[in-house]
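The structure under discussion appears below in the form of structure tokens.
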Amino acid sequence: MTLQETASRIQAHLRRMEKDPTINVVHEATKLKCYYNASACCPKGGRKIRVSYISYQFTSTLSREEAERYLSWLDAGNSGTHRDAARDP
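Numbering (this note's numbering), first residue to last: 3 to 91.
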């Protein structure tokens with residue numbers, strides 16, 4: 003699978019999570035939702051995938067290995083960020 007395909011599949015999961023009110027809840031401390039205009043992309047010719055959970059905040063950069071691990075975790079029915087996936091045994 004190419005990085006573009008991996009990014010596209012991660013994007014689909016992010017959009018699903020953003021639309022689900024049981025997943026995209028408001029944090030008490032920040033009063034922000036978990037996902038807002040979430041996206042995943044791989045710039046043309048790039049070697050990494052950029053993931054953004056809240057569009058106006060920072061973007062995380064994932065290596066191919068990290069992105070594939072995250073996608074596998076999402077495909078297994080989990081919801082969350084790549085950091086959640088890394089913590090999950």
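Ideal Cβ placement from N, Cα and C applies to all residues, glycine included.
Check your understanding: Quick one: is Y58 buried, meaning 16 or more other Cβ sit within 10 Å of its Cβ, or exposed?
Key -> Of the other Cβ atoms in all chains shown, fewer than 16 fall within 10 Å of the Cβ of Y58; this residue is therefore exposed.
Practice item. Going by CA-CA distance only, name the one from T8, L16, P23 that's closest to G48. Key: Cα-wise, what sits closest to G48 is T8.
Check your understanding: Between K46, H29, P45, C44, which lies nearest to Y38 when the distance is taken from Cα to Cα?
Key -> Comparing Cα positions, the closest option is H29.
Practice item. Note down the Cα distance separating L64 from A88, rounded to an integer number of angstroms. Key: The alpha-carbon separation between L64 and A88 amounts to approximately 12 Å.
Practice item. Report the option in R85, D90, T4 whose CA atom is closest to the CA atom of C43. Key: The alpha carbon of C43 has as its nearest neighbour, out of R85, D90, T4, the alpha carbon of T4.
Practice item. Please confirm whether I12 and I51 have their CB atoms less than 8 Å apart. Key: Cβ distance < 8 Å, so I12 and I51 count as in contact.
Check your understanding: Sorted by chain position, which residues of the same chain lie with C-beta nearer than 8 Å to R17's C-beta, five sequence neighbours on each side aside?
Key -> Once the five neighbours on either side are set aside, the close Cβ partners of R17 are A40.
Point to revise | Beta-bridge pairing of Y38 - partner residues as DSSP gives them | key: Y38 is bridged to I56.
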